[in-house]
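Asker: Position 93 (the sequence shown) corresponds to 105 in the numbering used here; numbering is contiguous. Structure in structure tokens, see below.
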Amino acid sequence: MAPRFFATHRTDGYLPIEAYGVLGDGRTVALSGADGAVDWWCVPNMDSPPLFDRLLDAEQGGYFALSPRDVVRVERRYRQHSNVLETTVHTQHGVARITESLNSGTAGRLPWEELARRIEGLEGSVTFDLQLRFGRQADHANPYLARQGSQTVFHVGRVLGVVVASGGIYLSHMDDDGLVTDVTVTAGEREVVAIVAGQDEPLIVPDIERIDARIDTSDDEWRRWADQLQAKGPHRDALIRHALALKLLLYAPTGAIAAAGTTSLPEAIGGRLNYDYRYAWVRDASYTIKAFSRLGAHAEAKAAFTWLVNRLRDSDGDLFFTLDGSPPADVREIDMPGYRHSRPVVTGNQVVHQHQHGVYGDIMETAARFVKHGNVLDAETAAILSRLADQCADAWRQKDSGIWELTERQHYTMSKISAWQALARAVELADGGYLPTTCRERWARERDRVAAWIETHCWSEALQAFEMYPGSGQLDASLALAVRFRFDGHERLRKTMLAIERQLGDGAFHFRYSKVRGKEGCFLACTFWMAEAWHLLGEQRKAETTLHDVLDALSGGPGTLAEMVDPASRAWLGNVPQGLSHLAAVHGILTVMGVDL
Numbered sequence: 013m014a015p016r017f018f019a020t021h022r023t024d025g026y027l028p029i030e031a032y033g034v035l036g037d038g039r040t041v042a043l044s045g046a047d048g049a050v051d052w053w054c055v056p057n058m059d060s061p062p063l064f065d066r067l068l069d070a071e072q073g074g075y076f077a078l079s080p081r082d083v084v085r086v087e088r089r090y091r092q093h094s095n096v097l098e099t100t101v102h103t104q105h106g107v108a109r110i111t112e113s114l115n116s117g118t119a120g121r122l123p124w125e126e127l128a129r130r131i132e133g134l135e136g137s138v139t140f141d142l143q144l145r146f147g148r149q150a151d152h153a154n155p156y157l158a159r160q161g162s163q164t165v166f167h168v169g170r171v172l173g174v175v176v177a178s179g180g181i182y183l184s185h186m187d188d189d190g191l192v193t194d195v196t197v198t199a200g201e202r203e204v205v206a207i208v209a210g211q212d213e214p215l216i217v218p219d220i221e222r223i224d225a226r227i228d229t230s231d232d233e234w235r236r237w238a239d240q241l242q243a244k245g246p247h248r249d250a251l252i253r254h255a256l257a258l259k260l261l262l263y264a265p266t267g268a269i270a271a272a273g274t275t276s277l278p279e280a281i282g283g284r285l286n287y288d289y290r291y292a293w294v295r296d297a298s299y300t301i302k303a304f305s306r307l308g309a310h311a312e313a314k315a316a317f318t319w320l321v322n323r324l325r326d327s328d329g330d331l332f333f334t335l336d337g338s339p340p341a342d343v344r345e346i347d348m349p350g351y352r353h354s355r356p357v358v359t360g361n362q363v364v365h366q367h368q369h370g371v372y373g374d375i376m377e378t379a380a381r382f383v384k385h386g387n388v389l390d391a392e393t394a395a396i397l398s399r400l401a402d403q404c405a406d407a408w409r410q411k412d413s414g415i416w417e418l419t420e421r422q423h424y425t426m427s428k429i430s431a432w433q434a435l436a437r438a439v440e441l442a443d444g445g446y447l448p449t450t451c452r453e454r455w456a457r458e459r460d461r462v463a464a465w466i467e468t469h470c471w472s473e474a475l476q477a478f479e480m481y482p483g484s485g486q487l488d489a490s491l492a493l494a495v496r497f498r499f500d501g502h503e504r505l506r507k508t509m510l511a512i513e514r515q516l517g518d519g520a521f522h523f524r525y526s527k528v529r530g531k532e533g534c535f536l537a538c539t540f541w542m543a544e545a546w547h548l549l550g551e552q553r554k555a556e557t558t559l560h561d562v563l564d565a566l567s568g569g570p571g572t573l574a575e576m577v578d579p580a581s582r583a584w585l586g587n588v589p590q591g592l593s594h595l596a597a598v599h600g601i602l603t604v605m606g607v608d609l
């Protein structure tokens, strides 16, 4: 992809969220800023305590900075079809390039974490200030150094690691507080610095030449994976970039898909809508399986589906899980300032107390799409799905928290449509021989009752649209998904889409639902859902315009997406990289391009 120019100015010590590129290795992610600072990295897993956390604490947080002196401009890009990131810095005295990777090997993920940063002189002479400060895990850990043989090892809580560097980078000044030094490269020179780390395990210390070589090995592996994707057409490069971002969030040890790689980045600066998304939602797993299947990445689709089925075996409608599959924790506030002083900073998620009917629709749709691609279901999976279809048939008349995970329980229209979707897909699976037919007729009758309830209670003549819930007088942009779910005869959904465009649209973007304008940014997934829905409704020109406008509006970023965007300033909001944003982009692009659902 072509390089893009990025500002490196910090506000109160914080970079704009859109100034971060994301590195990953199938186990964790790191956020690297355009000014050369890695401000977020959890070791060894995405949901571990952070080793670097300046993203949430500008004054006391940990970071790993390669800061060029006398900067004129900065360009960034991912290597073509890769998650290896290149930053080219132009200074008053020369030009240099930083190439960064969370390394992997030819056999896949390494058994340790390896953050590698290569510095190359391209023109003249460029000096970088290298600063390293480990995070203190909200004052629950104090970093310290220790000698083990010839190595100086750092310890932060349960994490231990080493800093490895080439000959032109001096590490002799490293102490418990970290490291401050500098490195200068001239045209043709090259230096490398890396951190190798692990948790509660012996640590291999590779030589710097092997670490350097693994940057290119990692690049090759990313490109090999991307090249096998079934992606073509005018938006091919964008489609592959979104698929690569999703791959960053796929937790290789279990097949779980993380909702995002960070916690507590705000949906509005200074607001309290801050959440920990380093968990695996059933909804996101469902959309990911479908996305990878449509792209031809069948190994990833199968891994995600196996993870989902294993979680559902003992589940009673649970919405999300930890990445290793254990039960999630309740919300706990952490004493940190937060991104641009937006508190609270949290771990855990309040959704642990919620129920959403959407989980049934997500699960059944996933199974239906899985078998549509020629795959088969085993008897145990079929029994699990039948049990969940029965649960849906019993529970759909109850209020729930809805797709937006709201504290107010209501008869949300989208939740009822999701229940209809679940029962409709269960009937189709039974008719195809994939599920036992014992309760097939019961599912069909309840499906029709749900549809009748929605038509009777959820349509608003005043809005000329399906409203958010009966009597609310509000619109909900997630109803665009009802078109994909094959609900309704399309005329009422077309009117609903027009109402959403009028009342929730803002330029190229859309707000989630009525009454949130001014309280949060526009939700990126909604706009891609709109593009997809317009195509399925036969409005190809509107679909293409919607897709083109949102892709163009997002083209200034590094290639990964956050959850939301301020429609006026185009500043990113919410956690990053946001899986749902990338999933919606993949499905929107594929559908508008005419790829079969």
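Glycine included, every Cβ here is placed at the ideal spot set by N, Cα and C.
1) Name the two residues that bound the continuous beta strand (DSSP E) containing Ile207.
2) Would you kindly check if the distance between the Cβ of Gln433 and the Cβ of Phe497 is under 8 Å?
3) I need the DSSP call for His21, collapsed to helix, strand or coil.
4) Mark Ala311 as exposed unless 16 or more other C-beta atoms lie within 10 angstroms of its C-beta, in which case mark it buried.
5) Can you tell me whether Gly245 is buried or exposed? The criterion is at least 16 other CB atoms within 10 Å of its CB, across all chains shown.
6) Pick out the complete beta strand (DSSP E) segments inside the stretch 58-118, 3 residues or longer, and give them in chain order.
7) Give me the Cβ distance between Arg437 and Ala380, rounded to the nearest whole Å; I'm assuming they're in contact under 8 Å.
8) Note down the Cα distance separating Leu491 from Gln368, rounded to an integer number of angstroms.
9) Just the Cα atoms here: how many angstroms apart are Asp412 and Asp488?
10) Along the beta strand (DSSP E) that carries Glu221, what are the first and last residues, could you check?
11) Among Leu447, Glu513, Leu441, which has the Cα closest to the Cα of Gln476?
12) Consult DSSP for Tyr156 and reduce its assignment to one of helix, strand or coil.
13) Quick one, which of Thr40, Tyr182, Gly445 has its alpha-carbon nearest Arg290's?
14) For Lys428, count neighbouring Cβ atoms within 10 angstroms of its own Cβ and tell me buried if that reaches 16, exposed if not.
15) Between Asp374 and the rest of its own chain, which residues show a CB-CB distance below 6 Å, the 5 nearest in sequence each way excluded?
16) Taking only the alpha-carbon atoms, compute the straight-line gap between Leu585 and Asp212 and give it to the nearest angstrom.
17) From Leu191 to Leu510, what distance separates their C-alpha atoms?
18) Exposed or buried, which one is Ile162 when buried takes at least 16 other CB atoms within 10 Å?
19) Assign Gln433 to one of three DSSP states: helix, strand, or coil.
20) Helix, strand or coil: how does DSSP classify Asp141 here?
21) Just checking, does the stretch 74-90 make contact with the stretch 348-365 on the three C-beta pairs under 8 Å criterion?
22) My understanding is that Met576 touches Glu532, with C-beta atoms under 8 Å, so please give their C-beta distance in whole angstroms.
23) Quick check on Asn57: buried or exposed, where buried means 16 or more other Cβ atoms within 10 Å of its Cβ?
24) To the nearest angstrom, how far is the alpha carbon of Val383 from that of Ser430?
25) Do the stretch 89-99 and the stretch 110-124 meet, that is, are 3 or more Cβ pairs less than 8 Å apart?
26) Grouping DSSP H, G and I as helix and E and B as strand, with all else coil, what is Cys451?
27) Start and end of the alpha helix (DSSP H) containing Ala379?
28) Out of Tyr26, Leu43, Thr539, which has the shortest C-alpha to C-alpha gap to Tyr32?
29) Please name the residue or residues paired with Gln422 in a DSSP beta bridge.
30) Which term fits Ile216, buried or exposed, when burial requires 16 or more other beta carbons within 10 angstroms of its beta carbon?
31) On the criterion of 16 or more Cβ atoms from any shown chain inside 10 Å, does Glu126 qualify as buried, or is it exposed?
32) Assuming Thr198 contacts Gly133 under a Cβ cut-off of 8 Å, what Cβ separation, rounded to an integer in Å, is found between them?
33) Under 8 Å by Cβ, that's how I've got Glu417 and Gln366 pegged, so tell me the actual separation to the nearest angstrom.
34) In angstroms with no decimal places, state the Cα-to-Cα distance between Arg121 and Gly38.
35) Measuring straight from C-alpha to C-alpha, what distance separates Val165 and Val343?
36) Excluding the 5 residues preceding and the 5 following Ala555 in the sequence, name in chain order all residues of the same chain whose CB lies nearer than 7 Å to its CB.
Answerer: Quick look at the numbers:
1) If you number the sequence shown from 1, residue 207 lands on position 195. From DSSP, the beta strand (DSSP E) with Ile207 extends over 202-211.
2) Locating residue 497 in the sequence shown gives position 485, where the first residue counts as 1. Locating residue 433 in the sequence shown gives position 421, where the first residue counts as 1. It is a contact, given that the beta carbons lie within the stated cut-off.
3) As a working note, residue 21 is residue 9 in the sequence shown. Three-state result, His21: coil.
4) Here the question's residue 311 lines up with position 299 in the sequence shown. The residue is exposed, with fewer than 16 neighbouring Cβ atoms inside 10 Å.
5) For the purposes of this step, residue 245 is taken as residue 233 along the sequence shown, with counting starting at 1. The residue is exposed, with fewer than 16 neighbouring Cβ atoms inside 10 Å.
6) 62-64, 75-80, 83-90, 97-103, 106-114
7) Reading the sequence shown from its first residue, position 425 is the one you call residue 437. Reading the sequence shown from its first residue, position 368 is the one you call residue 380. Confirmed, about 4 Å.
8) On the sequence shown, position 479 is the one that residue 491 refers to. On the sequence shown, position 356 is the one that residue 368 refers to. Near 15 Å, if we compare the C-alpha coordinates of Gln368 and Leu491.
9) Within the sequence shown, the letter at position 400 stands for residue 412. Within the sequence shown, the letter at position 476 stands for residue 488. About 15 Å.
10) By 1-based counting over the sequence shown, the position of residue 221 is 209. No beta strand (DSSP E) contains Glu221, which is instead part of the alpha helix (DSSP H) from 220-239.
11) What you label residue 476 is simply residue 464 of the sequence shown in a count that begins at 1. Here the closest residue by C-alpha is Glu513.
12) Taking the sequence shown and counting its residues from 1, the one referred to as residue 156 is at position 144. Note: Tyr156 maps to strand in three-state DSSP.
13) If you number the sequence shown from 1, residue 290 lands on position 278. The candidate whose alpha carbon is nearest that of Arg290 is Thr40.
14) Residue mapping note: residue 428 aligns to position 416 of the sequence shown, counting from 1. Classification of Lys428: buried, given that the 10 Å Cβ count is 16 or more.
15) One-based indexing of the sequence shown puts residue 374 at position 362. Contacts found: Val294, Arg295, Ser298.
16) Along the sequence shown, read from residue 1 onward, the residue named residue 585 stands at position 573. Along the sequence shown, read from residue 1 onward, the residue named residue 212 stands at position 200. Using only the alpha carbons, I get a separation of about 35 Å.
17) Indexing the sequence shown from 1 puts residue 191 at position 179. Indexing the sequence shown from 1 puts residue 510 at position 498. Near 57 Å, if we compare the C-alpha coordinates of Leu510 and Leu191.
18) Taking the sequence shown and counting its residues from 1, one reaches residue 162 at position 150. The sequence given here has Ser at residue 162, not Ile. It is exposed - the Cβ of Ser162 has fewer than 16 other Cβ atoms within 10 Å.
19) Taking the sequence shown and counting its residues from 1, the one referred to as residue 433 is at position 421. Three-state result, Gln433: helix.
20) Taking the first residue of the sequence shown as 1, we reach residue 141 at position 129. Strand, per DSSP.
21) no
22) Working through the sequence shown from its first residue, we reach residue 576 at position 564. Working through the sequence shown from its first residue, we reach residue 532 at position 520. Rounded, the Cβ-Cβ distance is 6 Å, consistent with contact.
23) For this step, residue 57 is matched to residue 45 along the sequence shown. Buried, by the Cβ-count rule.
24) Taking the first residue of the sequence shown as 1, we reach residue 383 at position 371. Taking the first residue of the sequence shown as 1, we reach residue 430 at position 418. When rounded, the distance between both Cα atoms is 20 Å.
25) yes
26) Translated into positions along the sequence shown, residue 451 becomes position 439. Cys451: coil per DSSP, three-state reduction.
27) Stepping through the sequence shown from its first residue, residue 379 is reached at position 367. It spans 370-384 - the alpha helix (DSSP H) in which Ala379 sits, taken as one unbroken run.
28) For this step, residue 32 is matched to residue 20 along the sequence shown. The candidate whose alpha carbon is nearest that of Tyr32 is Leu43.
29) Mapped onto the sequence shown, residue 422 falls at position 410. Paired residues: Asp412.
30) The count along the sequence shown starts at 1 and reaches residue 216 at position 204. Exposed.
31) The residue you call residue 126 lines up with position 114 of the sequence shown. Under this definition Glu126 is a buried residue.
32) Here the question's residue 198 lines up with position 186 in the sequence shown. Here the question's residue 133 lines up with position 121 in the sequence shown. Correct: roughly 5 Å between the Cβ atoms.
33) Residue mapping note: residue 417 aligns to position 405 of the sequence shown, counting from 1. Residue mapping note: residue 366 aligns to position 354 of the sequence shown, counting from 1. Contact flag correct, Cβ pair sits at about 6 Å.
34) As a working mapping, residue 121 is identified with position 109 in the sequence shown. As a working mapping, residue 38 is identified with position 26 in the sequence shown. Roughly 7 Å separates the two Cα atoms.
35) By one-based count along the sequence shown, residue 165 stands at place 153. By one-based count along the sequence shown, residue 343 stands at place 331. Roughly 34 Å between the two C-alpha positions.
36) Start at 1 with the first residue of the sequence shown, and residue 555 comes out as number 543. Same-chain partners within the cutoff: Ala543, Trp546, His547, Val604.
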